[in-house]
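A.B. asks: First the structure, then my questions, so here it is.
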Amino acid sequence: MTTPRIGVYPGTFDPLTNGHMDIISRAVHVVDRLIVGVAANTGKEPLFSLDQRVEMIREQVERMRCGDGRVVEVRPFSNLLMHFVTEMGAGIILRGLRAVSDFEYEFQMAAMNDRLNRDVETVFLMASENHQFIASRFVKEIARLGGDISTFVPAEVERKTLRQLAPELPLLAAADAGGAASPAAPRD
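According to this note's numbering, the sequence shown holds residues 5 to 192 in order.
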């Protein structure tokens with residue numbers, strides 16, 4: 005019997021986007037066991053707590069149909085990515101590339117990770133054409149400015165994002181308090 009290929013798809017996922025879900029749904033076919041590693045990432049000020057992000061991803065992954073016995077796990081981590089990968093027994097780091105601008109950063113990270121552990125390979129998956137422009141930071145900015153994020157994130161993530169941003173959005177806050185509905189109000 006061959007050793008199972010274990011891969012880690014790391015990220016902050018703040019919030020989880022349809023682009024992330026696209027990579028997860030494709031990465032599950034590259035490895036036998038996929039671990040979505042949710043980074044605490046103390047260098048960023050997240051919209052959602054680590055626990056909230058883990059739960060959002062778990063909810064979405066449960067809706068996926070992996071088939072053929074493939075496993076997707078969601079785990080938080082706050083240590084060095086390479087330490088987490090080693091703890092998980094993984095030999096592959098999976099990363100999504102949206103545009104050429106992502107490549108330089110991802111190339112540098114892959115080179116650093118290779119220096120830390122030559123037994124772990126980084127595999128890049130190109131974003132699907134309809135997700136190439138989606139970035140969590142843009143989703144948050146659009147939501148903060150009252151724009152429609154429904155095509156960028158799963159429906160439940162949209163609702164949670166808008167609720168989380170409610171204190172920053174006076175119209176949404178008024179709608180939540182029983183006032184007139186805002187165009188940015190979460191859909192049921």
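All C-beta atoms in this analysis are idealised placements derived from N, C-alpha and C, irrespective of residue type, glycine included.
For residue 78, which beta-bridge partners are listed by DSSP?
C.D. replies: 40, per the DSSP bridge assignment.
A.B. asks: In whole angstroms, what is the alpha-carbon distance linking residue 16 and residue 103?
C.D. replies: In a straight line, the C-alpha of residue 16 is about 18 Å away from that of residue 103.
A.B. asks: May I ask you to report which of helix, strand or coil DSSP gives residue 138?
C.D. replies: Correct three-state label for residue 138: coil.
A.B. asks: Contact defined as beta carbons within less than 8 Å: I believe residue 93 pairs with residue 123. What is the distance between those atoms, to the nearest angstrom?
C.D. replies: Not really, about 11 Å apart at Cβ, beyond 8 Å.
A.B. asks: For residue 102, which three-state DSSP category applies?
C.D. replies: Of the three classes helix, strand and coil, the one that applies to residue 102 here is coil, per DSSP.
A.B. asks: If you draw a straight line from the alpha carbon of residue 49 to that of residue 117, how long is it in whole angstroms?
C.D. replies: In a straight line, the C-alpha of residue 49 is about 24 Å away from that of residue 117.
A.B. asks: What distance in whole Å lies between the Cβ atoms of residue 81 and residue 44, which are believed to be in contact at a cut-off of 8 Å?
C.D. replies: Going by Cβ atoms, the distance from residue 44 to residue 81 rounds to 7 Å, so yes, they are a contact pair.
A.B. asks: Taking the straight line between their C-alpha atoms, what separation do you get for residue 110 and residue 98?
C.D. replies: Near 11 Å, if we compare the C-alpha coordinates of residue 98 and residue 110.
A.B. asks: Which one or two residues does DSSP pair with residue 125 in a beta bridge?
C.D. replies: Paired residues: 96.
A.B. asks: If distances are taken between C-alpha atoms only, which option among 127, 135, 148 and 136 comes closest to residue 35?
C.D. replies: That would be 127, whose Cα lies nearest to the Cα of residue 35.
A.B. asks: Where residue 56 and residue 66 are concerned, what is the direct C-alpha to C-alpha distance, given to the nearest angstrom?
C.D. replies: Each residue's alpha carbon lies about 15 Å from the other.
A.B. asks: Please work out which residues of its chain come closer than 6 Å, Cβ to Cβ, to residue 168, disregarding the five sequence neighbours upstream and downstream, and give them in chain order.
C.D. replies: Closer than 6 Å at the Cβ level, and outside the excluded window around residue 168, lie 51.
A.B. asks: Measure the beta-carbon distance from residue 158 to residue 25 and round it to whole angstroms, keeping in mind my assumption that it falls under 8 Å.
C.D. replies: With 8 Å as the limit, residue 158 and residue 25 qualify as a contact, their Cβ atoms being about 7 Å apart.
A.B. asks: Tell me where the beta strand (DSSP E) around residue 47 begins and ends.
C.D. replies: Where residue 47 is concerned, there is no enclosing beta strand (DSSP E), given that its DSSP letter is neither H nor E.
A.B. asks: Could you tell me the boundaries of the alpha helix (DSSP H) in which residue 27 lies?
C.D. replies: Per DSSP, residue 27 belongs to the alpha helix (DSSP H) from 22-31.
A.B. asks: Among 115, 78, 59 and 100, which one has its Cα closest to the Cα of residue 86?
C.D. replies: Selected option, being the one with the closest Cα: 115.
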